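J.: Following this message is one structure expressed as structure tokens.
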Amino acid sequence: MRIGELARRTDTTVATIRYYEEIGLLCPAARQSGGQRTYGFEDVSRLTFVRRCRAFDLSIDDIRSLLVTMQNDRSSCSDARDLAQVHLERVRNRILDLIALEKSLASMVRACDANCAGGSGPDCVIFEEIGAAASLAASRSSAAG
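For the sequence shown, counting from 1, position 8 maps to 8 in full-length UniProt numbering; every step adds exactly one.
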């Protein structure tokens with residue numbers, strides 16, 4: 001099958017397929033005499049696997065590691081499990097960060113409702129809160145540098 005058909009079957013863009021091939025997540029495609037790429041059912045399976053990994057928000061390096069583990073007869077399930085465990089910890093940390101972000105945003109909305117909703121833009125507490133956070137981040141950055 002040609003690249004367009006592979007793209008349709010896997011709900012992937014042609015550009016993404018070329019990129020995955022370029023970085024080694026997909027094996028280089030066979031070429032027809034006119035230079036057109038051709039793919040087989042193994043390519044559909046591998047690309048589907050890569051897409052599922054991306055749906056789990058695995059990094060390109062993690063996907064590459066899983067593909068190597070999957071193809072290596074001496075690899076064990078624990079190798080894949082260890083990678084999944086590390087990724088799970090990253091996801092949990094991001095969730096904690098998102099919860100903190102949600103609390104900050106809710107606090108700003110409440111402060112705006114109580115103090116300035118409907119008032120002029122320059123007096124908005126949201127601008128003050130974000131500006132204060134930006135100033136703090138900038139001062140930390142300059143102190144560290």
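Ideal Cβ positions, reconstructed from N, Cα and C, are used throughout, including at glycine.
Remember, predicted model here, so these are calculated numbers, not experimental data.
For the putative contact between isoleucine 23 and valine 14, defined by C-beta atoms under 8 Å, what is the C-beta separation to the nearest angstrom?
T.: On the sequence shown, position 23 is the one that residue 23 refers to. On the sequence shown, position 14 is the one that residue 14 refers to. Not quite, the Cβ-Cβ distance comes to about 15 Å (not below 8 Å), so this is no contact.
J.: Assuming aspartate 43 and leucine 6 make a contact with CB atoms under 8 Å, what is their CB distance in whole Å?
T.: The residue labelled residue 43 in the question sits at position 43 within the sequence shown. The residue labelled residue 6 in the question sits at position 6 within the sequence shown. Confirmed, about 6 Å.
J.: If you draw a straight line from the alpha carbon of threonine 38 to that of arginine 54, how long is it in whole angstroms?
T.: Here residue 38 corresponds to residue number 38 of the sequence shown, with the count starting at 1. Here residue 54 corresponds to residue number 54 of the sequence shown, with the count starting at 1. Approximately 23 Å, taken between the alpha carbons.
J.: Helix, strand or coil: which one does DSSP assign to threonine 13?
T.: In the sequence shown, counting from the first residue as 1, residue 13 sits at position 13. If DSSP states are grouped into helix, strand and coil, threonine 13 belongs with coil.
J.: In three-state terms, what does DSSP make of arginine 74?
T.: Mapped onto the sequence shown, residue 74 falls at position 74. Correct three-state label for arginine 74: coil.
J.: Three-state secondary structure (DSSP) at alanine 106?
T.: Indexing the sequence shown from 1 puts residue 106 at position 106. Note: alanine 106 maps to helix in three-state DSSP.
J.: Given this structure, state the Cα-to-Cα distance separating glycine 34 from threonine 10, to the nearest angstrom.
T.: Residue numbering aside, residue 34 sits at position 34 when the sequence shown is read from its first letter. Residue numbering aside, residue 10 sits at position 10 when the sequence shown is read from its first letter. So the two alpha carbons sit approximately 24 Å from each other.
J.: Please work out which residues of its chain come closer than 7 Å, Cβ to Cβ, to aspartate 79, disregarding the five sequence neighbours upstream and downstream, and give them in chain order.
T.: Position 79 of the sequence shown, counting from 1, holds the residue named residue 79. Excluding residues within five positions, the ones whose Cβ falls inside 7 Å are Thr69.
J.: Please report the straight-line C-alpha distance between alanine 29 and leucine 58, rounded to a whole angstrom.
T.: As a working note, residue 29 is residue 29 in the sequence shown. As a working note, residue 58 is residue 58 in the sequence shown. Spanning the two alpha carbons is a distance of roughly 24 Å.
J.: Per DSSP, what are the beta-bridge partners of alanine 30 in this structure?
T.: Translated into the one-based positions of the sequence shown, residue 30 becomes position 30. Answer by DSSP bridge pairing, in chain order: Thr38.
J.: Which value, in whole angstroms, describes the spacing of the CA atoms of arginine 18 and asparagine 72?
T.: On the sequence shown, position 18 is the one that residue 18 refers to. On the sequence shown, position 72 is the one that residue 72 refers to. Those two C-alpha atoms are separated by around 25 Å.
J.: Does the beta-carbon of isoleucine 63 have 16 or more other beta-carbons within 10 angstroms, so that it is buried, or is it exposed?
T.: For the purposes of this step, residue 63 is identified with residue 63 of the sequence shown, where counting begins at 1. Classification for isoleucine 63: buried.
J.: Whose C-beta lies closer than 7 Å to the C-beta of glutamine 32 among residues of the same chain, with five residues either side of it excluded?
T.: What you label residue 32 is simply residue 32 of the sequence shown in a count that begins at 1. Closer than 7 Å at the Cβ level, and outside the excluded window around glutamine 32, lie Thr38.
J.: For valine 50, does the count of other Cβ atoms within 10 angstroms reach 16, so buried, or fall short, so exposed?
T.: The sequence position of residue 50 within the sequence shown is 50, counting from 1. Per the 10 Å Cβ criterion, buried.
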